[in-house]
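Here is the structure we will look at, set down as structure tokens.
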Amino acid sequence: MSDILDYLRRNPAIGNITAIAVIGFIDAVQVLIACAVIFSFVPIVPADFVHRLFPVYLPEVRPEREMGLYRLFVLAAIAIQAVRVFILRRRINEQRLWASLLPYAMVMGFWVFVEAFASFKVLLWGNPIWARVLLYGSLVMAFLSRVFWPELGHWGRMVRARWAGMEALPWPLAWDLGFLGLVFALLWPVDFGNVLGRMFSRDAFYHLDSMLMAPGWAHLTGLVLNRDITSEYSTALPVIVSELCRPMGGFDYPTAVKFIMTTVLLYYAGLYIFVRQWLNSALLAAFAVLLAIKLQLFHWGVAPLVWQYPSATPFRHWPDVIFFFCVWRHVQTFKQLWLWAAAVTVGFALAWMVDAGVYMLAAFLVYAAVFGHQQRWTLGRVGAFSAQMLVVSLAVALAILAIIGQGSVFQADFWRNTFEFAGLFTQGWGALPMTEGLKDRQFFAFIMGFIIPVLYAFTLILTGALLWLRKINYKNVFAVVLCVYGLGLYHYFIHRSGVNSYYAVCVPLVLVICFWLGKGLRPFKTGMRRTCAGALAMSTLCALATSYLFTYYPNIFNLAGFDWRLEKHLYEEGFAGDLNSDADFIKQRTAPRERVALISSFEVRILMLADRRPFFYYFPLMESAHMQAAEVRGTYLHTYGRLQKTVRQLEEAPPAYIFVEKKLLNQKVQTGLGALLDYVNTHYVLQAQGKYLAAFKHKS
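Position in the sequence shown counted from 1, then plus 737, gives you the working numbering.
Right, dumping it as structure tokens:
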């Protein structure tokens, strides 16, 4: 490398001509894009020979201007290079000519990049409005930059001098509030009906029902989760959310979705505040939050809208940001208060979502061990201290579950039921190989699936070894905590290696990236560090704002200009109001506190409208499909054991009525649902029919 630099110093003309050639190429590309845009408004007149073709050959004629544009680009590059070399011929041997050309090359290169990016989006997504505005705007800005280049250079020097001289961002509180306001504007929908309409039309609330609505409603009717009724994701989560929703207007679908979105917004606000304190950089904190939002909420695995998959959002693991803050404060102060706070947070996380809680507990115990080593404790004392933290965390989790479970935590059936669904997954249910991305041509996802654990493991072993040998500052221990937690969460992807799985647990990855960015930027001066961090934040914001799913997101921007009225109408007519008559149909035949046996799509919604308790342990029993659909979607009776448990319920306490969705009566279902319907037909007789439901009365 030094030989090359010495050669260029002895021959400055080579470096200068290279710089001129780069600028010439940039200008030629800009000429090409500008001409392509101009000619896109000029229709192509077919050649005369087209009129002499037989009609069968007309589809083969596709006139284009690509040949002319290709020649224009080549000639423009040659001409611009020749003119610029001629004008600068007397300065070709100057040592620093290339340096004087560098600002112009950077500015024009930036505008060409924006123009090329906008052109790519225009071609890829069918000429969206926002991409055209970006393309035309960048062309205008490039033209103005050329016309006012002297003034632009003067302003740039003024801004750069002031930027480099600032010790910190001006008005830090205004910056913080402004950024959090931006996050709110990015994620909060203008009309919740649009969100509910999309969730209903695309997912029929399938994931929301199983995670929250079904167990939440069962709890509010007096049933105990994982004793009287199943709760596949968590015992505590539905209870806490349903109780908190009651004073917010009642526990229903709009309120639940608003609660989830509010939790996610608060999570990202907390993440911003934490990273700002951890790395002492508002711009890196902004980068971290924007990158987390981009990766977690706007990727193809959650298309078309992330809120239909609540478990793929920070709603799943939100206590971790409190855990991060507590551990970091202990790293800074060594006050025992923060360790106790971290232990309580871990205990709550165990009750909230057991998998995230277990991995958080593992990270906490590793931190406790490293802290003991840093304090030069004996191995026995380190073990005793770690055991103390473990006991506190488990005690908090058990206390929460005991209150929620009304004493059922002391019964073996409760724990069997709690881990039944997780047991299916550990035995291979829903498993996908890590090569799944290759089959779907998701090459980036496939590569990232392997890079992420490598980054975690490398950071862990490098930082851990340096800490153990006391070669680096103890504050770097936080990277170890992040890596242990991230490697634990990554089980979610290793088991089910879908394109959405590693994005759902990407927050530790984002923080590890920020950790290394902080290390990499440290040698630079304050102005350069701030410039790099600001460029990263702005680039991530642009990547987020121009991603396809974000342009169709129902926020205040709605860049794609999508009309949500059809999906909103479908929700209002097909869900919010369409099921009332069947709810009344059930109310007429059952008592207020009676547990109702219902085999239908939208069981949760119908029973909420009827104000009745669910009968079946597996609730919902059906995977909801639109009532107007020709067939049902599926059932939660995945195993023979589940079917037997359901039939045993009917035999031990047979309900007077069983309500069945009418389209099931004429379908041959081969799964456990078919056997359940056979039982109904054997022991019950059709008594009445509603709009979508049929009432079967027990024969005895």
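All C-beta atoms, glycine included, are put in the ideal place defined by N, C-alpha and C.
| field | Close-in-space but distant-in-sequence residues of the same chain around residue 1078 (CB under 6 Å, 5 per side omitted) | value | Excluding the 5 residues flanking it on each side, residue 1078 has same chain C-beta neighbours closer than 6 Å at 1063, in chain order.
| field | Where the alpha helix (DSSP H) through residue 997 begins and ends | value | Judged by DSSP secondary structure, residue 997 falls within the alpha helix (DSSP H) whose first and last residues are 990-1016.
| said: Using 8 Å for Cβ pairs, my map puts residue 943 next to residue 1360. What's the rounded Cβ distance? | reply: Contact between residue 943 and residue 1360 holds: CB atoms are separated by about 6 Å, below the 8 Å threshold.
| Helix, strand or coil at residue 779 according to DSSP, with G and I counted as helix | Coil.
| Inter-residue spacing [alpha-carbon to alpha-carbon] between residue 1214 and residue 1247 | Answer to the nearest angstrom: the Cα atoms are 17 Å apart.
| Helix, strand or coil for residue 1293 per DSSP? | The answer is coil: DSSP assigns residue 1293 none of H, G, I, E or B.
| request: Name the one or two DSSP bridge partners that residue 1351 has. | output: According to DSSP, which records beta bridges pairwise, residue 1351 is partnered with 1333.
| Under a three-way DSSP split, which group does residue 1431 fall into? | Annotated three-state conformation of residue 1431 is strand, per DSSP.
| said: Could you tell me the alpha carbon to alpha carbon distance between residue 1430 and residue 1065, rounded to whole angstroms? | reply: In this structure, the alpha-carbon of residue 1430 lies about 56 Å from that of residue 1065.
| field | Per DSSP, cross-strand counterpart(s) of residue 1372 | value | In the DSSP output, where bridge partners are listed per residue, residue 1372 has 1359.
| field | Neighbour flag for residue 1327 against chain B, beta carbons, 9 Å | value | Here chain B cannot be found, since the structure has a single protein chain.
| field | Which of helix, strand or coil DSSP assigns to residue 1424 | value | Residue 1424 sits in a strand when the DSSP states are folded into three classes.
| field | Residue nearest to residue 936 in terms of C-alpha spacing, selected from 828, 993 and 872 | value | The candidate whose alpha carbon is nearest that of residue 936 is 993.
| field | residue 1389 - containing alpha helix (DSSP H), residue span | value | Where residue 1389 is concerned, the enclosing alpha helix (DSSP H) stretches over 1377-1389.
| How about residue 1084 and residue 1121: do their beta carbons lie closer than 9 Å? | Residue 1084 is not a Cβ neighbour of residue 1121, given a cutoff of 9 Å.
| said: Can you tell me whether residue 1320 is buried or exposed? The criterion is at least 16 other CB atoms within 10 Å of its CB, across all chains shown. | reply: Buried, because 16 or more other Cβ atoms sit within 10 Å of the Cβ of residue 1320.
| query | Taking DSSP as the reference, what is the three-state secondary structure of residue 1209? | reply | Correct three-state label for residue 1209: coil.
| said: So for residue 1394, helix, strand or coil by DSSP? | reply: The DSSP-derived three-state label of residue 1394 is strand.
| message | Rounding to the nearest angstrom, what Cα-Cα distance links residue 1212 and residue 1197 in this structure? | response | Cα-Cα distance, rounded: 14 Å.
| Can you tell me whether residue 867 is buried or exposed, with buried defined as 16 or more other CB within 10 angstroms of its CB? | Buried is the call here.
| query | Can you pull the DSSP bridge partners for residue 1233? | reply | According to DSSP, which records beta bridges pairwise, residue 1233 is partnered with 1169.
| said: Only counting the same chain, and skipping five residues up and downstream in sequence, which positions put a Cβ closer than 7 Å to that of residue 1421? | reply: The beta carbon of residue 1421 lies closer than 7 Å to those of 1395, 1433, 1434, 1435 and 1436 in the same chain, with the five residues before and after it left out.
| field | Cβ neighbour criterion (16 or more within 10 Å) applied to residue 895 | value | Residue 895 is exposed by the Cβ-count criterion.
| Going by beta carbon distance, what residues of the same chain come within less than 8 Å of residue 1386, once the five residues before and after it are set aside? | Result list for residue 1386: 1352, 1353 and 1354, in chain order.
| said: So, at 8 Å on beta carbons, what are the nonlocal neighbours of residue 790 in its own chain, with the 5 sequence-adjacent residues on each side left out? | reply: If you ignore the 5 residues before and after residue 790, its C-beta comes within less than 8 Å of the C-beta of 798, all in its own chain and listed in chain order.
| field | Residue(s) in a DSSP beta bridge with residue 962 | value | In DSSP, residue 962 forms a bridge with 966.
| message | Can you tell me where the alpha helix (DSSP H) holding residue 977 begins and where it ends? | response | Start and end: 973-982.
| query | Straight-line CA distance for residue 758 to residue 828? | reply | Taking the straight line from one Cα to the other gives about 15 Å.
| message | Assuming residue 1069 is part of the alpha helix (DSSP H), what are its boundary residues? | response | For residue 1069, the enclosing alpha helix (DSSP H) has its first and last residue at 1056-1070.
| If you draw a straight line from the C-alpha of residue 1333 to the C-alpha of residue 995, how long is it? | Distance between the alpha carbons of residue 1333 and residue 995: 28 Å.
| query | Just how far apart, CA to CA, sit residue 1365 and residue 1402? | reply | Roughly 15 Å between the two C-alpha positions.
| task | Could you check what DSSP says for residue 1298 in three-state terms: helix, strand or coil? | result | For residue 1298, the three-state secondary structure derived from DSSP is coil.
| query | Which full runs of the alpha helix (DSSP H) of 4+ residues lie inside the stretch 1112-1172, going along the chain? | reply | Scanning the stretch 1112-1172 for uninterrupted alpha helix (DSSP H) segments of 4 residues or longer gives 1116-1142, 1149-1155 and 1157-1163, listed from N- to C-terminal end.
| Per-residue DSSP class, three states only, for residue 1104 | Look at residue 1104 here: in three-state DSSP terms it is helix.
| request: Output yes or no for whether 9 Å exceeds the beta carbon distance between residue 1089 and residue 1056. | output: Yes. Within cutoff.
| field | Close beta carbons around residue 1186, own chain, < 7 Å, minus the five adjacent residues each side | value | Excluding sequence neighbours, residue 1186 sits near 1171, 1174, 1230, 1234 and 1239.
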